[in-house]
Structures are given as structure tokens and as C-alpha cells.
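Protein chains in written order, with the working numbering: chain G, 57 to 403; chain V, 57 to 403.
Glycine included, every Cβ here is placed at the ideal spot set by N, Cα and C.
What follows is a set of notes on a single structure, which appears directly below.
2 protein chains.
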Amino acid sequence: MTDLQRGGPDASTRTKTPTIYDVAKAASVSPSTVSRALARPGRVSAATAAHVRRVAAELGYHVNLIAPGLRTGRTSMLALVVSDVTNPVYTEVIGGAQAAVSEAGYVLVLIDAQESDLLEHGGLVRALPAVEGVVLAGTRLSDAAIGEVAGKRPVVVLNREVAGVPGILLDSAYGTRAIVEHLWALGHRSLTYIGGPEASWADGVRLRGLRDAAGDLGAVVLGSGPYEPTVAGGRAAAAALPDVLPTAIVAYNDQLAIGLMLALQSRGIRVPEDVSIVGHDNIAPAQIVNPALTTIVAPLHAQGQAAVNAVLAALKNPGAASAKPVTLPVRLVVRGSTGRPRARSAG
Amino acid sequence: MTDLQRGGPDASTRTKTPTIYDVAKAASVSPSTVSRALARPGRVSAATAAHVRRVAAELGYHVNLIAPGLRTGRTSMLALVVSDVTNPVYTEVIGGAQAAVSEAGYVLVLIDAQESDLLEHGGLVRALPAVEGVVLAGTRLSDAAIGEVAGKRPVVVLNREVAGVPGILLDSAYGTRAIVEHLWALGHRSLTYIGGPEASWADGVRLRGLRDAAGDLGAVVLGSGPYEPTVAGGRAAAAALPDVLPTAIVAYNDQLAIGLMLALQSRGIRVPEDVSIVGHDNIAPAQIVNPALTTIVAPLHAQGQAAVNAVLAALKNPGAASAKPVTLPVRLVVRGSTGRPRARSAG
DNA sequence: TTGAAAGCGCTAACAA
DNA sequence: TTGTTAGCGCTTTCAA
């Protein structure tokens, strides 16, 4: 009777997943013994445990994540929110998160905001009851909304500081300083920053870092933007550049930098002879463009892993003081897209 | 008492998600009325329904996907299996799948095999009880293993034909024919195919397609491989090429083609003057390399969407004859990486 | 139109 | 060491 519910008209062809009761019957023990043998081997005689395990394997039994989730809140699922799956930055983060998650025997629920805060919120709301914790890698949510989620589940945020929520940050101050010093050493005395999305916390940090470092050296930083953090956004930024180009451009991320470079090159402008370009993140395509992109190497894979592990730790030990942010080191990698500025008649 | 279970020592700070009982109490109706008001508005008086909805909204109530899942098997979750999340091909597919899934009010569980069939199988086994259906985009599983999964949940496979399992295929025969004809028209009389992973079904299809088309024209196809379907794999393939280079190379996918191109260029070999290169899939970086890559445009986003919709359709209508594969059209896009072969002394 | 009750698969108490 | 029982949140009969 109840079997009919789950399969519908076609139930006959679809095999029912064996339950703990099926195993119990086949092994002639009680369901709780099966549960113990599988989850807590120490609390069952070795012989029984072995027997139950064998029977379970024969039947192809696997715990149904759903049921214990209902009782204990342990669903073995974690949510990962990204603003755009096709962005190579998140691709790396997802990879790291996935590695950590599968090592812990968990499962990853992916929520792609598709750059829409409505979709992001909707997806998160739907997934929330099913997951034990949340990693927000690239979120467009407000601090208040994040706080609300953090009130229900352990949350870890990437590249953003939110009061009371643990974060995995990058040492952007170091990165931007390294960029400015590199450009200064080459002879650049001013640079233009091509900004990313307004809702991006990292964007503000990067511009500020550039300004601070430039100020110390006596260099000038011009800001421009916001732009979509994509190759297309970079092309748009190139179109909006003044006729007298800056000698050096620093972009919010590599995708912008690449779009910018391609657009400028198609106008006959040479990189780095006419303009030096620097990106952020070191995504795979940064090494594919010609010239290869000078950029800030961010440990994206490690960030994804660290975030998942932090959520897992918060789950295991809810009392621990957790809200202190972790900062991961970055470094500048110099490639072909930066060089000495040409001497020019006027600025 | 039972509240303590879910939160642990820190439960005081973590808010409990409101349940249907909380709403029922607040609205002074029975739980079943709440359930009906939310899910089946027609079966409840308009006034009650409105009232319940208002109260639910005030409390911030959302259905817990877990609970109905236990009863009916409807968890509103779909699994998507990819062999490597960082591969831009899957990135696009994931994007398409995510779009379709979120439109249907579902949630996506991502399983990244990390190119390991063990991890893939483990992840799938863990996720299976929690999901209603499965999309296998890039799986290294055997036909038997796929059949087993298909026996438990609706499954749709991408780029692979598995008996009894519906698939979303690409018109590779057309694509490979277009490649061969394009190269033939340029003057190439033989080409080398750089193969992808052995476990890839598409790899065999592509090689066969090239051979068939070449045979009709009187051209020759040499095979090489298998290689990892990555940029690094392409570099490895370049190193293994004979001293006398072929005039035209067709790669299993764009990543291989790009790695190959970069490695050859770093050896001073010019593309397309010395070697013409063709890829498959048209991932974003194909337009970033210099020269841009001639390749087969695959509707990856649409494939992801179509796969999800097919699973959803199978869920809604389990009786429908579903195992007939769908073939999506592809087209050749000619860019800078292919050209006329130079006249040469000997082959 | 509404309420009461049972049960999905599992596990934590409690009892034996 | 093992079995029994109850209940997680929800939906779906069945009854009122």
C-alpha cells in the first residue's frame, strides 16, 4: 500500500531502496541493532555487527540521509552558495569544497544565484532545512539576511566580513600593495582600477588597498566601474576608458582583466608596451591569454576546503568561539602583461 | 527536550526553524489545515487559507524538504554528477541544470567525481536516497552501475548511450563531418586525432565520426591517446607528437586543443601556418586564446537544462516511454586556428 | 470545510 | 548486548 505512494504507476519497474527493516528481517535482529551495527559498531557484539554488515551489503542497503535528518538534524548535506557557477573563480572554490565535503562523507548542495539575489535567497530558503550548514562563497545577500541564515545554521562566508559570522578572507592588503610596488618599480606613477560588482565586498577592499599603498608611494589611483565581473564586463570597461589611456590598469578580477586586454588588443593597443594590466585571482585562463596575465594568486581551492572544514568544525563543536575570521595568504605572480611604461608626450 | 537534540550546547543561540505545528498553533487551526492551505489552497476556505498564509509568512515558515521526502519520496532535490567541476564544459552544463532546477523549485545536489569512479560512486550512493532523480553529465560509471541507479531513480545521461536509460546526445556525426570537410577544403589530406579519456563514450564516437567522414573523402585519420581532457593533457599530447608534425590536429575537447596549441607555440610552431588545430565544445577560453580556436559549438547550457527537464518529466509521468535519446544539434565555428597547410617537401 | 491519526526511515531513550 | 518504543515534520487517509 505505502509502496504505491512512492513509485506511482511505474513503481513496478523502479526498485524500492531497502530500508533498515528489510535488513533487520533478513538478518533476524531488531532494527535498532542494525542501526547500531552500522553506525556504532562498538555497541554491538562483533559477531552480530559483522553479520548485519554482510546482510546489509548483500541487500545493497545504504542509510537514507533523509530519515536521520528528520530526527537529529544531521542530513550530511552542506549548502554552497555561489553567485555564478560559470565564473572560474567559483569553479575552483567548488572543487575545494567538494573535496572536503566528500572526505567528510557529506554531500554538497549547490546554489547558483545566477547573479540574482532573489534566486539566491529562494534557493537558500529551499535548501536550508535540508542542510546542516552553509558556505557563502560569493553572495549578494545583505548582512542582515546573512545574519538571519546564521541564526539557523552554521555559516561561513568567503571574502567578506560580516559581524558575528566566521569568514575566510584573503590578504588583499598585501596583494594590492604588491601590485602597486611592482608597478611603481616598473615606472608607473598612476593606475586605473576597474571595479567589480557594487555588492561585492572584496571590490571595496581592493580599491582601498590600492589607494593606501599608492598613497604611501605618492602614486595616484583612479577608479572606474562598477562592471560585471566577466570577460564581457572587461570589454565594456575598455570601451569606457578615456582616449588618453592610463599606463597601468588593475582589474577587480581576471575575467575583467582578460576582457579588457582582448578589447584593447583588438584596437591595436599593445600589452604591456602601451598598457600594463593586472588581474586578481589567477584563474586558469590567466595563463592562456597572450601575454599571460600578471595577477594575484588566491588559494581558491584551499579557501573552499577551509570554509567547509570550518562549517564542519562549528557543527561538531557549537560552543567554540568561531566568529574570528581566517585570512589566507596571497602572492603576486608577474607574467607578461606588465612592463615599463613608454615615455609619452603628455598625460 | 527534543529541541536540545538538534542544537547541542549552543542551541540557545540557534533559532529553531518554525514547523507546521508552530504555524497551526499561531493560526488556531489544525496542522493538516495548514498543510492544505499551503499546498492545496483549493481544499480550504479562502479566508482560512489567507489567514494561514499570513501567519506562516510572519513566522518565516518554509516547508522542510526533509519531511515530505520521508513520506512521499518527494524531496525536491536532483543530483547532478560531473567528472570534474573545474572543467569548463561541466561548468556550462551545471549552469543550465541549475537554471532548470531552480525554475522548477528544486534544489541541485552536486556530485563531483574528481575523475575518480570510487568517489563518484560513493557520492552518488550517499546522495541517492535524498534525491528524486539523477543527471549523469560526464560519468565514468559502467553501464551496469548506471542501470542499477536507473532502477531506483529516473536517470538521464549526457553524451552517452546506455541501454534503457534516456540520454541527451550531441550530433557528433555531423560535427566531425563538418570538421573533416572544412579541413579538406583548406587542403589537408590527413589529420591526427588527440583522444580523451578511455572511459569517455563521446571519445569513441568522435574518432569514429572523423574516420567515417575522412573515409568518404579519401582522407586519413591517425589516432593518438588517451589523454586527460585538460590543458595539461594537451601539453602532454604535444610532447608525444612525431617530429614530422601532422598538418591538422583535431582534439577530443577544447582544453586538450588549447594545451596542445600553447605547447606547440612555445616550441616556435605557428598556428595555423604550421599546424591547424580544431577542438570540441566551444568553452569560453576557446575565444581567448590566440589565435582563437576553431571548434564544434555544443549547446552545453541547453544540454544541462534539457537533462533536468527530462528527469522532471519522467518524475511527473513515470509511464511515458522515455528511453529514446534526444540529439541536440552542433555546428562548426571557424576561427583563427585553422588554415591552409604549407607546401612541404615530404610527409 | 476541518480535524484526528497514522506512518514514512531512522535513532535515542529506556527496558530487559 | 539486545529489543521496544516513541517521535522528528509532514501529508494523507478517514471521520466528523
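- According to the DSSP assignment, G/Ser86 belongs to no alpha helix (DSSP H), since it is labelled neither H nor E.
- Closer than 7 Å at the C-beta level to chain G, one finds no residue of the stretch 75 to 100 of chain V.
- Taking 8 Å as the cut-off, the Cβ atoms of V/Leu388 and V/Gln359 do not count as close.
- Within the stretch 85 to 119 of chain V, the complete alpha helix (DSSP H) segments of 4 residues or longer fall at 87 to 95 and 102 to 115, listed in chain order.
- Judged by beta-carbon spacing, G/Leu136 lies within the 8 Å limit of G/Ala153, meaning their Cβ atoms are closer than that value.
- Separation of G/Thr232 and V/Thr350 (C-alpha to C-alpha, rounded to the nearest whole angstrom) is 37 Å.
- Contact between the stretch 316 to 325 of chain V and the stretch 286 to 298 of chain V is present: three or more C-beta pairs spanning the two stretches fall below 8 Å.
- Nearest C-alpha to V/Ala269 among V/Asn309, V/Arg245 and V/Gly289: V/Arg245.
- The shortest C-alpha to C-alpha distance from G/Val165 to any of V/Glu148, V/Ala169, V/Val218 and V/Met133 is the one to V/Met133.
- Between the stretch 108 to 115 of chain V and the stretch 71 to 82 of chain V, the count of Cβ pairs shorter than 8 Å is three or higher; the stretches touch.
- In the three-state reduction of the DSSP assignment, G/Arg387 falls in the strand class, which pools E and B.
- Beta-bridge partners of G/Asp337 (DSSP): G/Val353.
- Between G/Leu242 and G/Gly289, the alpha-carbon positions lie close to 27 Å from each other.
- Close CB contacts of G/Arg99 within its chain, under the 8 Å cut and outside five residues either way in sequence, are with Arg92 (chain order).
- Using a Cβ-Cβ cut-off of 8 Å, V/His118 is close to Val181, Arg182, Leu184 and Pro185 of chain G, given in chain order.
- Within its own chain, the residues whose Cβ lies closer than 6 Å to the Cβ of V/Glu148, once the five positions on either side in sequence are excluded, are Leu356 and His357, listed in chain order.
- Relative to V/Glu188, the option among V/Gly194, V/Glu176, V/Val157 and V/Leu174 whose CA is nearest is V/Val157.
- Comparing alpha carbon positions, the residue from V/Val261, V/Pro282, V/Thr248 and V/Leu297 closest to V/Ala275 is V/Thr248.
- Around V/Leu121, the same chain offers Thr131 and Ser132 as residues with beta carbons nearer than 6 Å, after the five sequence neighbours per side are excluded.
- The beta carbon of V/Pro87 lies closer than 6 Å to those of Ile76, Tyr77 and Ala80 in the same chain, with the five residues before and after it left out.
- Chain G places a beta carbon closer than 8 Å to that of V/Thr73, counting this residue as a contact.
- If you check each beta-carbon in the stretch 317 to 335 of chain V against every beta-carbon of chain G, the ones closer than 8 Å belong to Leu318.
- Between V/Lys380 and V/Pro222, the beta carbon gap of about 7 Å places them in contact (Cβ cut-off 8 Å).
- DSSP, read as helix, strand or coil, puts G/Leu164 in strand.
- Secondary-structure assignment with DSSP links V/Tyr77 through no beta bridge to anything.
- Leaving aside the five residues that flank G/Ser393 on each side, the residues in its chain whose CB is nearer than 6 Å to its CB run, in chain order, Val327, Pro328, Ile333, Pro347, Leu349 and Thr350.
- In the DSSP assignment, V/Tyr249 forms a beta bridge with V/Gly279 and V/Val306.
- Cα atoms of G/Val345 and V/Thr303: separation of roughly 24 Å, rounded to the nearest angstrom.
- Between the alpha carbons of V/Glu254 and V/Val390 lies a distance of about 28 Å.
- Under the 8 Å criterion on CB atoms, V/Gln359 is classed as non-interfacial with respect to chain G.
- Taking a Cβ-Cβ cut-off of 8 Å, the neighbours of G/Asn346 in chain V comprise Val345 and Asn346, given in sequence order.
- Under DSSP, G/Val138 shares a beta bridge with G/Asp168.
- Bounds of any beta strand (DSSP E) do not take in G/Leu266; it lies within the alpha helix (DSSP H) bounded by Trp257 to Leu273.
- With a 10 Å radius around the Cβ and a threshold of 16 neighbouring Cβ atoms, G/Leu174 comes out exposed.
- Sequence-distant Cβ neighbours of G/Val138 in its own chain, meaning closer than 8 Å and more than five residues away, are Tyr146, Val149, Ile150, Leu166, Ile167, Asp168, Ala169, Ala193 and Gly194.
- When DSSP states are grouped into helix, strand and coil, V/Leu225 belongs to the strand group.
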